[in-house]
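Report on the following structure.
2 protein chains.
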Amino acid sequence: MLKYIKILNNLRTEITQGVLPENHQLPFEKDLCEKYNVSKMTIKKALDILVSEGLIVKKRGCGSFVKNLSPEDINRLIIANHFRGVSALYSNCKVTSKLLYFEIIPTDEITKSKLNLVPDDFVYKIIRIRYVDDIPMCIETTFMPIEIIPGLKREHALQSIYSYIQENLNLKIQSAHRTIRVRKSTAFEQEHLLLNKHDPIATVEQVAYLDNSSAFEYSVSIHHYDRFAFETVIIR
Amino acid sequence: MLKYIKILNNLRTEITQGVLPENHQLPFEKDLCEKYNVSKMTIKKALDILVSEGLIVKKRGCGSFVKNLSPEDINRLIIANHFRGVSALYSNCKVTSKLLYFEIIPTDEITKSKLNLVPDDFVYKIIRIRYVDDIPMCIETTFMPIEIIPGLKREHALQSIYSYIQENLNLKIQSAHRTIRVRKSTAFEQEHLLLNKHDPIATVEQVAYLDNSSAFEYSVSIHHYDRFAFETVIIR
DNA sequence: AAGTGGTCTAGACCACATT
DNA sequence: ATGTGGTCTAGACCACTTC
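Line order of the protein sequences matches chains A and B.
The first sequence begins at 113 in the numbering used here and counts up by one.
The second sequence begins at 113 in the numbering used here and counts up by one.
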């Protein structure tokens, strides 16, 4: 276990469990160095991650302080700071999928540009409705190049595609770019997400990357408006 | 100018201007150390920021690579990586405001908990419609504690409150927590944002912090659905 | 085996805030 | 004047990838 990860986890636990209460000043970096018997840069790295997670603020000349946040705020922040598929995100709940479509097709213009493909490249096109505890959460349309993700079958789409990528193919997911938008629902969406006519939806367009910089997924998720909230922390 | 900022800006310019084209491998950190005559940690800091901005990927044992992104993608990422008020975000456009409400009121329950106030604390309540090039973009309802932001006047609300905070009060804005949601529009919102009946809206709830860890702003923005998109990069 | 980026150190010096 | 966190260094050692 890396030192800065261990220190980070320790401090995060102290914050979430209230050992370091709201507005409480953290020990000075110098003192944390002594406590953990590490150098200043290692402490700084751990604290900087807590800053990026939105849990603390640092102020030169004064010290570091825990932000005033409710337990719910803290919980939402910790979820927001992790990139996971639906299955992992709701790991405490029953996640199921209805597979509406699973085909291998030639890439179209949009997918080609999002995934940096050439004409005649083939992609999986998968449409799934994702349920959490039997409640429909979203309709996911996913495109993946068959060259990067070989051997994908219907059974994986019914479970977790991300598990297949990470555990069977042993690939590493690095990052994702997301764009969130809003619009009116279509009749198709109303039917599958149990929406009323005129209800709105949120769309999340995502391009996800492996650690070798190749884009392996372009997806669009249509979310039920009442079951969607997106959290983020922005640092200046 | 800090060394890592200078190197960061240099490399970002090379990426956006295509000097380092798509899929191109960046020089090795060792070589960048020589080129800029700095130590390894300084180069690493600059590159790590580019990773967090979503522009490059690093792979141990191989090197660092520019992501395959269109110029539009890159532009959106750079905007997404900055926290700014509406005025600064659309600095190339004409930003105006219609002031619907400007009062000092006792804090209510929600505002009190978001801003960590005590009962009987007073806050500004400001409701504005923000126009970009005369098109209504959003309705902003803003609460700020009078103790932290003294002397705010109607004239500031008609211009940029963030400018007043930074330039007149000389306070430093550190971060913001945002929650994005979706719902149907109300008659009030339809009127002011030029929406049709049944049109949806996006809400952005924000708590913003100064660098001394105090929450100075709680705001809710109601965005026209067609003129709203939110970009983000998520790193594993 | 060689080379990459990742972690960690011990210490110098700086910018900022409080006293 | 003192003490905080921020930057930067030169170098050691490690984990991973490629050859």
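Every residue gets a Cβ at the ideal spot worked out from N, C-alpha and C, and that includes glycine.
With contacts defined as CB atoms closer than 8 Å, A:Ile247 and A:Ser326 fail to qualify as a contacting pair. Taken through DSSP and simplified to helix, strand or coil, A:Thr291 comes out as strand.
Taking 8 Å as the CB threshold, B:Asp160 stays off the interface with chain A. For B:Ile117, the uninterrupted alpha helix (DSSP H) run begins and ends at Lys115 to Thr128, by DSSP. A check of alpha carbon separations from A:Asp245 across A:Glu126, A:Thr208, A:Thr254 and A:Ile251 identifies A:Thr208 as the nearest. By the rule that beta-carbons nearer than 8 Å mark a contact, A:Val294 touches chain B. For the segment 337-348 of chain A, the set of positions with a beta-carbon nearer than 9 Å to some beta-carbon of chain B reads Tyr337, Asp338, Phe340, Ala341, Phe342, Glu343, Thr344, Val345, Ile346, Ile347 and Arg348 in chain order. The DSSP assignment places complete alpha helix (DSSP H) segments of no fewer than 4 residues inside the segment 152-216 of chain A at 152-164, 183-192 and 198-201, in order along the chain. Under the three-state reduction of DSSP, A:Thr315 is assigned to strand. The three-state reading of DSSP puts B:Ser275 in helix, counting H, G and I together. Rounded to whole angstroms, the gap between the alpha carbons of A:Asp232 and A:Ile258 is 12 Å. At a cut-off of 8 Å between beta carbons, A:Gln286 contacts chain B. Inclusion of A:Asp311 and A:Lys284 in the CB contact set at 8 Å is not warranted, their separation being larger than that value.
Against chain A, the CB of B:Gly166 has a partner CB under 8 Å away; the residue lies at that interface. About 12 Å separates the beta carbons of B:Tyr330 and B:Val316, which is beyond the 8 Å limit, so they are not a contact pair.
In this structure, DSSP gives B:Ser225 a helical state, which the three-state scheme calls helix. Within the DSSP bridge table, the entry for A:His336 names A:Ile313 as partners. In summary, the residues of the segment 259-290 of chain A whose CB is separated from some CB of chain B by less than 7 Å are Ile285, Gln286, Ser287, Ala288, His289 and Arg290, in the order they occur in the chain. When Cβ-Cβ separations below 8 Å define contact, A:Ile127 makes no contact with chain B.
Taking a Cβ-Cβ threshold of 9 Å, the residues of chain B close to A:Ile313 are Val294 and Pro312, in chain order.
B:Phe255 sits in a strand when the DSSP states are folded into three classes. Under the DSSP assignment, B:Phe300 falls in the alpha helix (DSSP H) whose first and last residues are Ala299 to Leu305. Sequence-ordered contacts of the segment 221-234 of chain B with chain A read Ser225 and Asn228 [C-beta pairs closer than 8 Å]. In the three-state reduction of the DSSP assignment, A:Ala269 falls in the helix class. DSSP places A:Leu322 in the strand class (E or B) of the three-state scheme.
Assignment of beta-bridge partners to A:Tyr148 by DSSP yields no partner.
In the assembly as shown, A:Lys224 is a buried residue. Its beta-carbon has 16 or more other beta-carbons within 10 Å. In summary, B:Val235 is buried, with 16 or more beta-carbon neighbours lying within 10 Å of its beta-carbon over all protein chains present.
When only Cα atoms are considered, B:Thr125 and A:Leu211 end up about 44 Å apart. Annotation: the continuous beta strand (DSSP E) that includes B:Lys237 extends over Phe234 to Val244. Between the C-alpha atoms of A:Ile216 and A:Asn228 there is a straight-line separation of about 17 Å. Residue pairing by DSSP places B:Glu329 opposite B:Ala320 in a beta bridge. With fewer than 16 other beta carbons inside 10 angstroms of its own, A:Met153 counts as exposed. Contact check between the segment 276-290 of chain A and the segment 294-302 of chain B: fewer than three CB pairs, one atom from each, fall below 8 Å, which does not count as touching. For A:Pro139, the closest of A:Ile117, A:Cys174 and A:Met249 by C-alpha to C-alpha distance is A:Cys174.
Residues Tyr116, Ile119, Leu120 and Leu123 of the same chain have their beta carbon placed closer than 7 Å to that of B:Ala158, with the five preceding and five following residues left out of the count.
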